[in-house]
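Asks: I have a structure I would like to understand better, so I am pasting it below and will then ask my questions one at a time.
Residue numbers (the numbering used here): 18 to 261.
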(Lines of atoms letter the chains of each structure in order from A; the text may use other names.)
(Lines give C-alpha, C1' and ligand atoms only; values in the text may rest on other atoms or scores of the structure.)
Protein backbone atom coordinates (compact mmCIF):
# COMPACT_ATOMS: atom_id res chain seq x y z
CA UNK A 18 0.00 0.00 0.00
CA UNK A 19 1.31 3.44 -0.91
CA UNK A 20 1.90 5.82 2.01
CA UNK A 21 -0.32 8.85 2.52
CA UNK A 22 1.42 12.21 2.23
CA UNK A 23 2.16 14.03 5.50
CA UNK A 24 0.36 17.36 6.02
CA UNK A 25 1.54 20.00 3.59
CA UNK A 26 3.10 17.54 1.12
CA UNK A 27 1.86 16.33 -2.25
CA UNK A 28 3.15 12.78 -2.72
CA UNK A 29 3.08 11.11 -6.12
CA UNK A 30 3.75 7.39 -6.62
CA UNK A 31 5.01 5.77 -9.80
CA UNK A 32 5.67 2.15 -10.63
CA UNK A 33 8.50 3.13 -12.97
CA UNK A 34 10.15 6.41 -14.03
CA UNK A 35 13.49 7.23 -15.62
CA UNK A 36 14.54 9.22 -12.55
CA UNK A 37 12.52 10.70 -9.71
CA UNK A 38 14.92 13.65 -9.55
CA UNK A 39 14.73 14.28 -13.30
CA UNK A 40 10.94 14.30 -13.03
CA UNK A 41 11.06 16.79 -10.14
CA UNK A 42 13.48 18.99 -12.07
CA UNK A 43 11.15 19.04 -15.08
CA UNK A 44 8.20 19.93 -12.88
CA UNK A 45 10.21 22.64 -11.10
CA UNK A 46 11.13 24.19 -14.43
CA UNK A 47 7.45 24.16 -15.38
CA UNK A 48 6.53 26.12 -12.23
CA UNK A 49 5.41 23.32 -9.89
CA UNK A 50 4.97 24.66 -6.32
CA UNK A 51 7.26 23.52 -3.52
CA UNK A 52 6.71 20.53 -1.24
CA UNK A 53 6.18 17.98 -3.97
CA UNK A 54 7.53 14.48 -3.26
CA UNK A 55 7.94 11.83 -5.96
CA UNK A 56 8.45 8.13 -5.23
CA UNK A 57 9.08 5.28 -7.67
CA UNK A 58 9.32 1.53 -7.26
CA UNK A 59 11.77 1.44 -10.17
CA UNK A 60 14.07 3.92 -11.88
CA UNK A 61 15.40 3.09 -15.32
CA UNK A 62 17.96 5.94 -15.53
CA UNK A 63 18.70 6.76 -11.92
CA UNK A 64 21.54 9.20 -11.31
CA UNK A 65 24.11 9.13 -8.55
CA UNK A 66 26.52 11.85 -7.52
CA UNK A 67 29.20 13.02 -9.94
CA UNK A 68 27.44 11.42 -12.90
CA UNK A 69 27.57 7.89 -11.52
CA UNK A 70 24.78 5.41 -12.10
CA UNK A 71 22.64 4.50 -9.10
CA UNK A 72 20.83 1.19 -8.79
CA UNK A 73 17.23 1.10 -7.62
CA UNK A 74 16.48 -2.51 -6.78
CA UNK A 75 13.00 -3.72 -5.76
CA UNK A 76 12.22 -2.47 -2.28
CA UNK A 77 14.79 0.33 -2.33
CA UNK A 78 13.92 3.92 -1.46
CA UNK A 79 13.78 6.29 -4.44
CA UNK A 80 12.34 9.60 -3.22
CA UNK A 81 12.88 13.10 -4.61
CA UNK A 82 11.44 16.31 -3.21
CA UNK A 83 11.02 19.77 -4.69
CA UNK A 84 11.64 22.78 -2.45
CA UNK A 85 11.77 26.51 -3.13
CA UNK A 86 13.73 27.73 -0.11
CA UNK A 87 15.21 30.90 -1.56
CA UNK A 88 18.58 31.84 -0.11
CA UNK A 89 22.00 32.19 -1.66
CA UNK A 90 23.46 29.87 -4.26
CA UNK A 91 26.21 29.03 -1.76
CA UNK A 92 23.57 27.60 0.59
CA UNK A 93 23.16 24.54 -1.65
CA UNK A 94 26.16 22.92 0.05
CA UNK A 95 24.51 23.35 3.44
CA UNK A 96 21.40 21.61 2.12
CA UNK A 97 23.61 18.63 1.26
CA UNK A 98 24.59 18.26 4.91
CA UNK A 99 21.03 18.83 6.10
CA UNK A 100 19.79 16.12 3.71
CA UNK A 101 22.37 13.65 5.05
CA UNK A 102 21.13 14.18 8.60
CA UNK A 103 17.52 13.86 7.41
CA UNK A 104 18.17 10.58 5.60
CA UNK A 105 20.18 9.06 8.46
CA UNK A 106 17.51 9.95 11.03
CA UNK A 107 14.66 8.84 8.77
CA UNK A 108 16.24 5.45 8.11
CA UNK A 109 16.98 4.92 11.79
CA UNK A 110 13.36 5.72 12.60
CA UNK A 111 12.09 3.25 10.00
CA UNK A 112 14.66 0.54 10.83
CA UNK A 113 14.74 0.22 14.58
CA UNK A 114 18.20 -0.55 15.88
CA UNK A 115 20.18 0.88 12.97
CA UNK A 116 23.07 3.16 13.97
CA UNK A 117 24.08 5.23 10.96
CA UNK A 118 26.97 7.58 10.35
CA UNK A 119 27.65 10.11 7.58
CA UNK A 120 30.51 10.65 5.17
CA UNK A 121 31.04 14.17 3.86
CA UNK A 122 29.06 15.64 2.40
CA UNK A 123 25.98 13.44 2.22
CA UNK A 124 26.61 9.68 2.13
CA UNK A 125 24.88 7.64 4.84
CA UNK A 126 26.92 4.73 6.14
CA UNK A 127 26.49 1.60 8.26
CA UNK A 128 29.67 0.06 9.64
CA UNK A 129 31.73 1.59 6.82
CA UNK A 130 29.38 0.54 4.01
CA UNK A 131 27.21 2.97 2.06
CA UNK A 132 23.48 2.49 2.55
CA UNK A 133 22.21 5.74 1.07
CA UNK A 134 23.02 9.04 -0.53
CA UNK A 135 21.56 12.29 -1.80
CA UNK A 136 21.58 13.87 -5.24
CA UNK A 137 21.05 17.65 -5.33
CA UNK A 138 19.83 19.71 -8.30
CA UNK A 139 19.42 23.49 -8.10
CA UNK A 140 18.57 26.45 -10.27
CA UNK A 141 19.10 30.17 -9.72
CA UNK A 142 16.52 32.86 -10.32
CA UNK A 143 17.10 36.15 -12.05
CA UNK A 144 18.38 37.71 -8.82
CA UNK A 145 21.07 35.04 -8.40
CA UNK A 146 19.30 33.37 -5.47
CA UNK A 147 18.03 29.80 -5.34
CA UNK A 148 14.88 29.44 -7.41
CA UNK A 149 14.31 25.77 -6.62
CA UNK A 150 16.08 22.83 -5.03
CA UNK A 151 15.52 19.11 -5.67
CA UNK A 152 16.78 16.61 -3.10
CA UNK A 153 16.95 13.03 -4.36
CA UNK A 154 17.12 10.47 -1.53
CA UNK A 155 18.25 6.93 -2.35
CA UNK A 156 18.68 4.10 0.16
CA UNK A 157 19.22 0.36 0.13
CA UNK A 158 16.36 -1.27 2.02
CA UNK A 159 16.61 -5.00 2.51
CA UNK A 160 18.78 -5.72 -0.55
CA UNK A 161 22.47 -4.91 -1.01
CA UNK A 162 23.32 -3.65 -4.51
CA UNK A 163 26.54 -4.38 -6.35
CA UNK A 164 28.52 -1.13 -6.40
CA UNK A 165 31.88 -1.64 -8.16
CA UNK A 166 34.75 -0.32 -6.08
CA UNK A 167 32.57 0.56 -3.12
CA UNK A 168 31.33 -1.30 -0.06
CA UNK A 169 27.53 -1.29 0.01
CA UNK A 170 25.18 -2.10 2.86
CA UNK A 171 21.49 -1.95 3.64
CA UNK A 172 19.01 -1.37 6.42
CA UNK A 173 15.92 -3.51 7.00
CA UNK A 174 12.98 -1.17 6.49
CA UNK A 175 9.86 -0.96 4.34
CA UNK A 176 9.77 1.73 1.65
CA UNK A 177 6.57 3.46 2.75
CA UNK A 178 7.55 4.00 6.40
CA UNK A 179 11.07 5.05 5.33
CA UNK A 180 9.71 7.66 2.91
CA UNK A 181 7.33 9.10 5.50
CA UNK A 182 10.09 9.18 8.11
CA UNK A 183 12.40 11.06 5.73
CA UNK A 184 9.70 13.62 4.93
CA UNK A 185 9.01 14.06 8.63
CA UNK A 186 12.67 14.65 9.45
CA UNK A 187 12.96 17.04 6.50
CA UNK A 188 10.11 19.11 7.95
CA UNK A 189 11.82 19.03 11.35
CA UNK A 190 15.22 20.20 10.12
CA UNK A 191 13.79 22.76 7.73
CA UNK A 192 12.00 24.39 10.66
CA UNK A 193 15.22 24.42 12.68
CA UNK A 194 17.11 25.92 9.73
CA UNK A 195 14.54 28.70 9.42
CA UNK A 196 14.55 29.46 13.16
CA UNK A 197 18.21 29.01 14.08
CA UNK A 198 20.19 28.93 10.85
CA UNK A 199 22.75 26.35 9.79
CA UNK A 200 24.62 25.92 13.10
CA UNK A 201 22.30 23.20 14.56
CA UNK A 202 22.46 21.27 11.27
CA UNK A 203 26.23 21.44 11.36
CA UNK A 204 26.30 20.11 14.93
CA UNK A 205 23.95 17.25 14.06
CA UNK A 206 26.13 16.28 11.09
CA UNK A 207 29.28 16.37 13.22
CA UNK A 208 27.61 14.10 15.79
CA UNK A 209 27.42 11.43 13.05
CA UNK A 210 30.62 12.30 11.22
CA UNK A 211 34.14 10.97 11.68
CA UNK A 212 36.03 11.60 14.89
CA UNK A 213 38.41 14.58 14.82
CA UNK A 214 41.83 13.45 13.66
CA UNK A 215 40.52 10.53 11.60
CA UNK A 216 42.72 9.75 8.57
CA UNK A 217 41.10 10.83 5.33
CA UNK A 218 41.83 11.02 1.63
CA UNK A 219 39.87 13.54 -0.43
CA UNK A 220 39.60 14.17 -4.14
CA UNK A 221 39.57 17.91 -4.68
CA UNK A 222 39.38 18.86 -8.34
CA UNK A 223 42.09 16.79 -10.04
CA UNK A 224 44.15 16.35 -6.87
CA UNK A 225 44.00 13.70 -4.14
CA UNK A 226 44.74 15.15 -0.71
CA UNK A 227 45.62 13.07 2.34
CA UNK A 228 45.28 14.32 5.89
CA UNK A 229 43.07 14.12 8.94
CA UNK A 230 39.54 15.32 9.62
CA UNK A 231 39.52 18.71 11.34
CA UNK A 232 35.78 19.34 11.41
CA UNK A 233 33.44 21.47 9.33
CA UNK A 234 33.65 25.16 8.59
CA UNK A 235 30.79 27.44 9.66
CA UNK A 236 29.52 27.18 6.06
CA UNK A 237 29.76 23.36 5.97
CA UNK A 238 33.08 23.12 4.13
CA UNK A 239 35.22 20.09 4.97
CA UNK A 240 38.25 21.01 7.08
CA UNK A 241 41.25 18.82 6.25
CA UNK A 242 44.48 18.98 8.25
CA UNK A 243 47.09 18.39 5.56
CA UNK A 244 50.67 19.46 4.96
CA UNK A 245 50.92 21.43 8.18
CA UNK A 246 47.81 23.52 7.62
CA UNK A 247 44.02 23.23 7.61
CA UNK A 248 42.40 23.40 4.20
CA UNK A 249 38.72 24.36 3.84
CA UNK A 250 37.23 22.35 0.96
CA UNK A 251 33.76 23.56 -0.11
CA UNK A 252 33.51 20.77 -2.68
CA UNK A 253 35.15 17.40 -3.20
CA UNK A 254 34.73 13.71 -2.48
CA UNK A 255 35.99 11.70 0.45
CA UNK A 256 37.64 8.65 -1.09
CA UNK A 257 38.87 6.95 2.06
CA UNK A 258 38.45 7.51 5.77
CA UNK A 259 39.47 5.90 9.06
CA UNK A 260 42.17 4.00 7.24
CA UNK A 261 39.54 1.82 5.54
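A virtual CB, placed ideally from N, CA and C, is assigned to each residue, including glycine.
Is it a yes or a no for the stretch 91–104 touching the stretch 121–139, going by three-plus beta-carbon pairs under 8 Å?
Replies: yes
Asks: If we ignore side chains and look at the alpha-carbon of each, how far apart do residue 200 and residue 236 end up?
Replies: 9 Å
Asks: Identify which residue in 181, 120, 173, 47 has its Cα closest to the Cα of residue 233.
Replies: Nearest option by C-alpha distance: 120.
Asks: From residue 260 to residue 44, what distance separates their C-alpha atoms?
Replies: Annotation note: pLDDT 43 at residue 260 (below 50); position unreliable, no value reported.
Asks: Does the count of Cβ pairs from the stretch 73–84 and the stretch 32–52 closer than 8 Å reach three?
Replies: yes
Asks: Mind listing, in chain order, the continuous beta strand (DSSP E) runs of no fewer than 3 residues lying wholly within the stretch 107–171?
Replies: 118–120, 124–127, 130–141, 147–156
Asks: Please report how far the alpha carbon of residue 36 lies from the alpha carbon of residue 28, in whole angstroms.
Replies: 15 Å
Asks: Using the beta-carbon count (16 or more within 10 Å), is residue 108 buried or exposed?
Replies: With 16 or more other Cβ atoms within 10 Å, it is buried.
Asks: On the three-state DSSP scale, how would you describe residue 79?
Replies: strand
Asks: Buried or exposed for residue 24, going by 16 or more other Cβ atoms inside 10 Å?
Replies: exposed
Asks: For a quick check, are the C-beta atoms of residue 101 and residue 132 less than 8 Å apart?
Replies: No, they are not a contact pair.
Asks: Helix, strand or coil, according to DSSP, for residue 23 in the structure here?
Replies: coil
Asks: Quick one: what's residue 236 bridged to in DSSP?
Replies: Bridge partners of residue 236 according to DSSP: none are assigned.
Asks: Using the beta-carbon count (16 or more within 10 Å), is residue 161 buried or exposed?
Replies: exposed
Asks: Can you look up residue 178 in the DSSP assignment and give me helix, strand or coil?
Replies: helix
Asks: Would you mind sorting residue 39 into buried or exposed? The rule is 16 or more other CB atoms within 10 Å of its CB.
Replies: Per the 10 Å Cβ criterion, buried.
Asks: Please list the terminal residues of the continuous alpha helix (DSSP H) segment that includes residue 246.
Replies: Element bounds for residue 246: not the alpha helix (DSSP H) but the beta strand (DSSP E), 246–250.
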